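Student:
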Amino acid sequence: MVIETETTQPADNTYTTHQLMKLAALMEQKGVTFKRFERIFASGLLADMLEPDANLDNRKGVREALKLGPLPRGDQNVATAGTAIMVDYSLTLEQMMAAGKFDWLNNDINSDQFPIQGEGQVGYEVKLFHFNENVSSQDAEKKIKEADTASPWEPGRIEHLLAFGTRYPEEQRKHPILALGSVGNATFFGKRNVPYLYRRVTGRSLHLDWWSNEWHPFYHFLAVRKKNSQP
Numbered sequence: 003m004v005i006e007t008e009t010t011q012p013a014d015n016t017y018t019t020h021q022l023m024k025l026a027a028l029m030e031q032k033g034v035t036f037k038r039f040e041r042i043f044a045s046g047l048l049a050d051m052l053e054p055d056a057n058l059d060n061r062k063g064v065r066e067a068l069k070l071g072p073l074p075r076g077d078q079n080v081a082t083a084g085t086a087i088m089v090d091y092s093l094t095l096e097q098m099m100a101a102g103k104f105d106w107l108n109n110d111i112n113s114d115q116f117p118i119q120g121e122g123q124v125g126y127e128v129k130l131f132h133f134n135e136n137v138s139s140q141d142a143e144k145k146i147k148e149a150d151t152a153s154p155w156e157p158g159r160i161e162h163l164l165a166f167g168t169r170y171p172e173e174q175r176k177h178p179i180l181a182l183g184s185v186g187n188a189t190f191f192g193k194r195n196v197p198y199l200y201r202r203v204t205g206r207s208l209h210l211d212w213w214s215n216e217w218h219p220f221y222h223f224l225a226v227r228k229k230n231s232q233p
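Residue numbers (the numbering used here): 3 to 233.
#1: For Ile160, does the three-state DSSP call read helix, strand or coil?
#2: With the cut-off set at 7 Å, would you say Val236 and Glu172 are in Cβ contact?
#3: I'd like the span of the alpha helix (DSSP H) that includes Gln41, first residue to last.
#4: Using beta-carbon positions only, say whether Tyr91 and Gly125 come within less than 7 Å of one another.
#5: Leu180 and Tyr198: beta carbons closer than 7 Å?
#6: Could you give the residue range of the alpha helix (DSSP H) that holds Ser153?
#7: Going by DSSP in three states, Ala225 sits in which element: helix, strand or coil?
#8: Short of 8 Å in beta carbon distance, which residues of its chain neighbour Ala86, apart from the five on each side in sequence? Order them along the chain.
#9: At which residues does the beta strand (DSSP E) containing Ala86 begin and terminate?
#10: What residues in its chain sit with their C-beta under 8 Å from that of Ala83, if we drop five residues either side in the sequence?
#11: For Ser113, which residues from the same chain have a beta carbon less than 8 Å from its beta carbon, with the 5 sequence-adjacent residues on both sides left out?
#12: How would you write the range of the beta strand (DSSP E) that Gln123 sits in, first residue to last?
#13: Just verifying my parser: in three-state terms, what is the DSSP assignment at Gly205?
#14: Spell out the partners DSSP gives Asn136 in its beta bridges.
#15: Could you compute how far the alpha carbon of Lys103 sits from the alpha carbon of Phe166?
#16: Relative to the alpha-carbon of Asn136, which residue among Lys37, Trp217, Ala44 has its alpha-carbon at the smallest distance?
#17: Can you give me the start and stop residues for the alpha helix (DSSP H) that Gln97 sits inside?
#18: List the DSSP bridge partners of Ile179.
#19: Looking at Ala188: is its Cβ nearer than 7 Å to the Cβ of Gln140?
#20: Would you please state the rounded distance, in angstroms, between the beta carbons of Lys147 and Pro154? I believe it to be under 8 Å.
#21: Please classify Leu164: is it buried, with 16 or more other beta-carbons within 10 angstroms of its beta-carbon, or exposed?
#22: Helix, strand or coil for Lys193, going by three-state DSSP, please let me know.
#23: Where does Asp114 fall in DSSP's three states?
#24: Would the beta-carbon of Asp105 fall within 7 Å of that of Arg206?
What follows is the structure, encoded as structure tokens:
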């Protein structure tokens, strides 16, 4: 088996390093411990899934066999634990990150990559959008903007993400939260990045991933709209 990088076009019998990174991130999201990982291997279930002839179409049946609850029904918007955040534009990006008290920060997130524009303290309504299917960044943005044409939502930017993570620190322990409204100025491996909050085994993290990704259903998307009055 050949491992290729994302900068090359993978053949049918290859997997990419980025796919392996996504697998590792999923394991962290699920809080997989060493003992749990060993048990998964010992069960033979992973080996069965990797069989070339394995039918992976009946996820519902697999979840029932594993005694898991049903999947959410269809595309749905998931409200957050609260309804508002306040962004203080007098703070630098670095000060906003410090206020979040994250356990791990990506070193490529800085003011040069993600400049912030705004003045004073601005209140926003917030909502987490969740789509029960793989979705591209472009399609997720479209769904967010079309959800309420009378009072449109906009994809959250990095300042909204940081304010949200500071006020609602436990939300990112449930699922990764993306801010599609901020795309980094520089490219990595020829691709631009967006920030997201997620959970690691060691705690809460602020990280980057590629805009061009096809996002797994467990990702949630932060959306905002200005409040009519300051909270």
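We put the CB at the ideal spot given by N, CA and C, even for glycine.
If you're wondering where the values come from, they're calculated on a predicted model, not measured in any experiment.
Tutor: Concretely, from the data shown:
#1: Taking the sequence shown and counting its residues from 1, one reaches residue 160 at position 158. The three-state secondary structure of Ile160, taken from DSSP, is helix.
#2: Given that the chain is displayed from residue 3 to residue 233, the structure contains no residue 236 and the question cannot be resolved.
#3: Looking up residue 41 in the sequence shown gives position 39. Sequence check: residue 41 is Arg here, not Gln. Taken as a continuous stretch (DSSP letters only), the alpha helix (DSSP H) holding Arg41 covers 36–45.
#4: Here the question's residue 91 lines up with position 89 in the sequence shown. Here the question's residue 125 lines up with position 123 in the sequence shown. Contact flag unset, no.
#5: Within the sequence shown, numbered from 1, the residue matching residue 180 stands at position 178. Within the sequence shown, numbered from 1, the residue matching residue 198 stands at position 196. Taking 7 Å as the cut-off, the Cβ atoms of Leu180 and Tyr198 count as close.
#6: Walking along the sequence shown from the start, residue 153 turns up at place 151. Looking at the DSSP string, Ser153 is not in any alpha helix (DSSP H), and its letter there is neither H nor E.
#7: Locating residue 225 in the sequence shown gives position 223, counting from the first residue. Ala225 falls in the strand class under three-state DSSP.
#8: Within the sequence shown, residue 86 is the residue found at index 84, counting from 1. Here the set comprises Gly125, Tyr126, Glu127, Val128, Lys229, Pro233.
#9: For the purposes of this step, residue 86 is taken as the residue at position 84 of the sequence shown. Counting along the chain, the beta strand (DSSP E) containing Ala86 begins and ends at 86–90.
#10: The residue you call residue 83 lines up with position 81 of the sequence shown. Low confidence applies to Ala83: its pLDDT is 47, below 50, so where it sits in the model is not reliable enough to give any reading.
#11: Counted from its first residue, the sequence shown places residue 113 at position 111. Result list for Ser113: Thr94, Leu95, Glu96, in chain order.
#12: To locate residue 123, count along the sequence shown from 1; it is residue 121. It spans 123–132 - the beta strand (DSSP E) in which Gln123 sits, taken as one unbroken run.
#13: If you number the sequence shown from 1, residue 205 lands on position 203. For Gly205, the three-state secondary structure derived from DSSP is strand.
#14: Locating residue 136 in the sequence shown gives position 134, where the first residue counts as 1. Paired residues: none, contrary to the question.
#15: On the sequence shown, position 101 is the one that residue 103 refers to. On the sequence shown, position 164 is the one that residue 166 refers to. The C-alpha of Phe166 is placed about 12 Å away from the C-alpha of Lys103.
#16: Your numbering for residue 136 matches position 134 in the sequence shown. The shortest C-alpha separation from Asn136 is found at Trp217.
#17: Translated into the one-based positions of the sequence shown, residue 97 becomes position 95. In this chain, the alpha helix (DSSP H) harbouring Gln97 covers 95–101.
#18: Taking the first residue of the sequence shown as 1, we reach residue 179 at position 177. Leu199, His222.
#19: Sequence index remark: in the sequence shown, residue 188 carries index 186 (1-based). Sequence index remark: in the sequence shown, residue 140 carries index 138 (1-based). No.
#20: Counted from its first residue, the sequence shown places residue 147 at position 145. Counted from its first residue, the sequence shown places residue 154 at position 152. The distance from the Cβ of Lys147 to that of Pro154 is about 6 Å, consistent with a contact at the 8 Å cut-off.
#21: Position 162 of the sequence shown holds residue 164. The residue is buried, with at least 16 neighbouring Cβ atoms inside 10 Å.
#22: The residue given as residue 193 occupies position 191 in the sequence shown. Looking at Lys193 - three-state DSSP - the assignment turns out to be strand.
#23: Along the sequence shown, read from residue 1 onward, the residue named residue 114 stands at position 112. The answer is coil: DSSP assigns Asp114 none of H, G, I, E or B.
#24: As a first step, residue 105 is located in the sequence shown; it is residue number 103 there, counting from the start. As a first step, residue 206 is located in the sequence shown; it is residue number 204 there, counting from the start. Less than 7 Å separates the beta-carbon of Asp105 from that of Arg206.
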